[in-house]
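These notes concern the structure reproduced below.
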Amino acid sequence: MEFNQQLLVDSLKAEYQQQDIPFSLHIFSTLSSTNQTLWQLIDQGEKPGCVVIATQQTAGRGQWGRQWQSLAGGLYLSMVIDSQLKAINSYQLTLASAWGITAQLRKSGIPVGIKWPNDLVLDGRKLGGILTETKVNQGQITQAVIGVGINWENQVPETGINLQLWQNSRNYQMIHHLEVLTSQVLIGIKSGIECLQVEGINTLLPRYLNVLVNIGDQVYVNNILGKIVGVTQEGNLRLQVITDDPKAILTPEISVQPGTISLGYSQTGN
């Protein structure tokens, strides 16, 4: 699958009204990993705004060391961002990117939501995911890369969905080309990170929660049943404990770190 770089540039210029686009683009048909390639470019002197794009990965990575299936026809990209965060708040970069991409796709008429902590979902199925990698020195993030995978027209597992088939099922093309999708994702990452940096986590977090599809769901953690009520500023899931005690006036709340549990997908996508 050949990627049309000029179409991507034209789409970005339209968004930025013919100004210089704030991205340095490196486009490949196949890579082992866009994140890995971008780290190599950073070592060679690339700065924030550098982007690596591929339509197939042979060794894609997901969260917590999991393999990310990156079949031909998908969108796989990574961007260097400037971060001034403390390492303890590194997950805010994922929250910001997930919200930014979701908000941007919703502007195009695609009702994307977020499944905690980092999945993009459509009709209850996984559309994409985000992998943030950082380098830290003395408790401060010195470099950060945001990696994103989106199902465009690639094959997906039963719990996944690709955007082309979803659009075809509605006989309406909100996004006509992979290059346009790419521009929307890049703009979304940039807007999400800018929201975090300029307005802060207290503004970003409610926006993230507004598109989180898990609010109100019930989940077991260490044999304790809880209802999902929110997410902390560090990205932890907030659960209100459900109890049968009729005398309980206030039920306790517990916090679950990303990677501790998986909320999963049903085979029907619900």
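Heads up, the sequence shown is in my numbering, so the first residue is 1056 and it goes up one at a time. Even glycine gets a Cβ: it sits at the ideal position worked out from N, Cα and C.
Which residues in the same chain have their Cβ closer than 8 angstroms to the Cβ of residue i, if we skip the five residues on either side of it in sequence?
i, result
"Tyr1071", "Pro1077"
"Asn1144", "Ile1256, Gln1288 and Glu1289"
"Asp1065", "none"
"Leu1067", "Ile1076, Phe1078, Ser1238, Leu1241 and Ile1242"
Is it right to say residue i is buried, meaning 16 or more other beta carbons lie within 10 angstroms of its own, or is it exposed?
i, result
"Thr1110", "buried"
"Glu1234", "buried"
"Lys1102", "exposed"
"Gln1147", "buried"
"Pro1261", "exposed"
"Gly1100", "exposed"
"Gly1285", "buried"
With a CB to CB cut of under 7 angstroms and the five nearest residues on each side skipped, what residues in its chain are close to residue i?
i, result
"Ser1163", "Met1229, Ile1230 and Gln1239"
"Asn1173", "Gln1118, Thr1149, Ala1153, Gly1184 and Ile1185"
"Ala1069", "none"
"Trp1094", "Val1200"
"Asn1269", "Lys1170, Trp1171, Ile1283 and Leu1318"
"Leu1062", "His1232 and Glu1234"
Using alpha carbons as the reference points, say which of the options lies closest to residue i.
i, options, result
"Ile1097", "Ile1082, Gly1179 and Met1134", "Met1134"
"Asn1059", "Gln1074, Ala1069, Ser1084 and Leu1126", "Ser1084"
"Ile1082", "Asn1269, Leu1130, Leu1251 and Asp1075", "Leu1130"
"Leu998", "Arg1180, Leu1063 and Gly1243", "Since the first residue shown for the chain is 1056 and the last is 1325, residue 998 is missing from the structure and cannot be characterised."
"Asp1272", "Ala1127, Val1107 and Arg1293", "Arg1293"
"Gly1247", "Ser1317, Asn1277, Pro1307 and Ala1151", "Ala1151"
"Ile1216", "Lys1245, Leu1182, Leu1236 and Gly1194", "Leu1182"
"Gln1159", "Lys1282, Val1274, Ile1297 and Tyr1263", "Tyr1263"
Can we count residue i as close to the ligand PLP, meaning its CB is less than 8 angstroms from some heavy atom?
i, result
"Ala1151", "By its list of ligands, the structure shown contains no ligand whatsoever, and the ligand PLP lies outside what it can speak to."
Once DSSP output is grouped into helix, strand and coil, what is the label at residue i?
i, result
"Gly1179", "coil"
"Arg1293", "strand"
"Asp1065", "helix"
"Lys1102", "coil"
"Trp1119", "For Trp1119, the predicted model reports a pLDDT of 43, less than 50, meaning its position is unreliable and no value from the coordinates is stated."
"Leu1140", "coil"
"Thr1237", "helix"
Report all residues from its chain with a CB closer than 6 angstroms to the CB of residue i; omit the five preceding and five following residues, and keep chain order.
i, result
"Leu1218", "Trp1207"
Is it the case that the region 1207–1214 contacts the region 1186–1194, given that we only count it when at least three CB pairs across the two stretches are under 8 angstroms? no
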